[in-house]
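S.K.: Number 218 marks the last residue of the sequence shown (full-length UniProt numbering); no jumps.
The beta carbon of each residue, even a glycine, is placed where N, CA and C say it ideally should be.
Pasting a structure below so you can have a look.
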Amino acid sequence: MGGCGYEDIACFVEEQRRAHSNVPGPVPIINSDVIVDEIQIAQSAVIGVNAVLLDYELLGIDTLKKLIVACRAVELEIIIAVRSKEEAQSTIDVIQDYTSFMLSVINMDGVTGKLDIISELQNMPNENSEQKITTIANILHRSDQGLAEVEECWSCRDKGFNCAWISDALYKAGNSASEYPGAIIKSMAAKSSVRWASPVAKSGRGEGAKEYLGDIMM
Numbered sequence: 001m002g003g004c005g006y007e008d009i010a011c012f013v014e015e016q017r018r019a020h021s022n023v024p025g026p027v028p029i030i031n032s033d034v035i036v037d038e039i040q041i042a043q044s045a046v047i048g049v050n051a052v053l054l055d056y057e058l059l060g061i062d063t064l065k066k067l068i069v070a071c072r073a074v075e076l077e078i079i080i081a082v083r084s085k086e087e088a089q090s091t092i093d094v095i096q097d098y099t100s101f102m103l104s105v106i107n108m109d110g111v112t113g114k115l116d117i118i119s120e121l122q123n124m125p126n127e128n129s130e131q132k133i134t135t136i137a138n139i140l141h142r143s144d145q146g147l148a149e150v151e152e153c154w155s156c157r158d159k160g161f162n163c164a165w166i167s168d169a170l171y172k173a174g175n176s177a178s179e180y181p182g183a184i185i186k187s188m189a190a191k192s193s194v195r196w197a198s199p200v201a202k203s204g205r206g207e208g209a210k211e212y213l214g215d216i217m218m
C-alpha cells in the first residue's frame, strides 16, 4: 500500500472506474496491505479492489488457507507471495482444490533465483484445466537508471514468467528525463531481445516499443 490507507485505495478504485471507457482501460487495483484476517478481506471487497496480496511466510499455511476461502467468498483474486520453492509447492498443494491464483516470487534477486523457485513444481494444472496459476517475477531496484531491471524483466518473460511486479523499481528509480516511470514500464513491456536490444534505447523519450507485449502489474 506504500503508506496509504483503505480510504486512499477507495480513491484509486474510483479513479480507475471513471476510465472504464478509455483506451487503454483501467488498471486493476491490488491491496498489498499486510493482510492477516478476514476483516481486511471484507474491507478490500467493499471498496472494490480486484485482488489482494497474501504473504505465505507471514501467515503460515493454516491462516493462508482460511483467507483463501474468504477471498473466494467475496470474489477477490488472490496473489500469494512466496520466497522459496517449498513455500510455492505448499501453496499449490493447498490451493489446487480452491481456485485459480497468482504466485509472486519476492525477495529474490536475479532471474536464476526466481526461476529456481517456480521450476519443476508438482501438481501444476495442465493447459486444459479450468484452474490457472499465473507466475509473477518481483523485480528489485538497482542503482543503474533502471537498465538492469528492464533486462531482468525481459529475461523473466523469456524463461516463462507470466508477468512482473515492478513497484520497487519504479518508486526508487525513474527520476531522469529519459528514465521516468512511464519509459521504464514501456521498456519492460517491449517485445525485445535480451541479447541484442539496449533497455535505454527502448525507453527513449517515452515512446516505448513498437510491439507491445502486455500489461505490467504495479
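Check whether the Cβ atoms of Ala51 and Ile9 sit closer than 8 Å, and answer yes or no.
M.R.: In this structure, Ile9 does not lie closer than 8 Å to Ala51 by Cβ.
S.K.: Can you list, in chain order, the residues of its chain with a C-beta nearer than 6 Å to that of Met102? Leave out the 5 residues immediately preceding and following it.
M.R.: Cβ within range, chain order: Ile79, Thr134, Ile136.
S.K.: Do the CB positions of Val13 and Val49 come within less than 8 Å of each other?
M.R.: In this structure, Val49 lies closer than 8 Å to Val13 by Cβ.
S.K.: Assuming residue 221 is part of the beta strand (DSSP E), what are its boundary residues?
M.R.: The first residue shown for the chain is 1 and the last is 218, placing residue 221 beyond what the model contains.
S.K.: Kindly indicate which residue of Glu130, Lys159, Val94 has the alpha-carbon position closest to the one of residue 219.
M.R.: Outside the shown range of the chain, which is 1 to 218, sits residue 219, and nothing can be said about it.
S.K.: Relative to the alpha-carbon of Glu127, which residue among Leu140, Ser100, Val105 has its alpha-carbon at the smallest distance?
M.R.: Minimum Cα distance to Glu127 is reached at Ser100.
S.K.: Name, in chain order, the residues that DSSP records as bridge partners for Phe101.
M.R.: The partner list for Phe101 (beta bridge, DSSP) reads Ile133.
S.K.: Less than 7 Å between the CB of Ile92 and some heavy atom of the ligand ATP, yes or no?
M.R.: As far as ligands go, the structure on display features none, and thus does not contain the ligand ATP.
S.K.: Compute the distance between the beta-carbons of Ile41 and Cys71, then report whether it is under 8 Å.
M.R.: Yes, these two residues count as a Cβ contact at 8 Å.
S.K.: Would you grab the beta carbon distance between Asn123 and Ile92 for me? Rounded to a whole angstrom, and I think it's under 8 Å.
M.R.: Contact flag correct, Cβ pair sits at about 5 Å.
S.K.: Would you say Ala88 and Leu54 are within 8 Å of each other, going by their C-beta atoms?
M.R.: No. Outside cutoff.
S.K.: Give the secondary structure of Val82 by DSSP, where H, G and I count as helix, E and B as strand, and everything else as coil.
M.R.: Val82 falls in the strand class under three-state DSSP.
S.K.: Does the Cβ of Arg17 have 16 or more other Cβ atoms within 10 Å, making it buried, or fewer, making it exposed?
M.R.: Label assigned to Arg17: exposed.
S.K.: Using the beta-carbon count (16 or more within 10 Å), is Leu58 buried or exposed?
M.R.: Exposed, since its Cβ has fewer than 16 Cβ neighbours within 10 Å.
S.K.: At which residues does the beta strand (DSSP E) containing Cys4 begin and terminate?
M.R.: Segment: none, Cys4 is in no beta strand (DSSP E) and carries neither H nor E.
S.K.: Would you say Ile106 and Arg83 are within 8 Å of each other, going by their C-beta atoms?
M.R.: Yes, Cβ-Cβ distance for Ile106 and Arg83 is below 8 Å.
S.K.: Go to residue 272, then tell me how far its beta strand (DSSP E) extends in each direction, as first and last residue.
M.R.: Summary: the structure shown does not reach residue 272, with the chain confined to residues 1 through 218, and so no result is reported for it.
S.K.: Which one of Glu130, Ala164, Leu121, Glu120 has the shortest CA to CA distance from Leu140?
M.R.: The candidate whose alpha carbon is nearest that of Leu140 is Ala164.
S.K.: Exposed or buried, what is Ser21 when buried is set at 16 or more other beta-carbons lying within 10 Å of its beta-carbon?
M.R.: With fewer than 16 other Cβ atoms within 10 Å, it is exposed.
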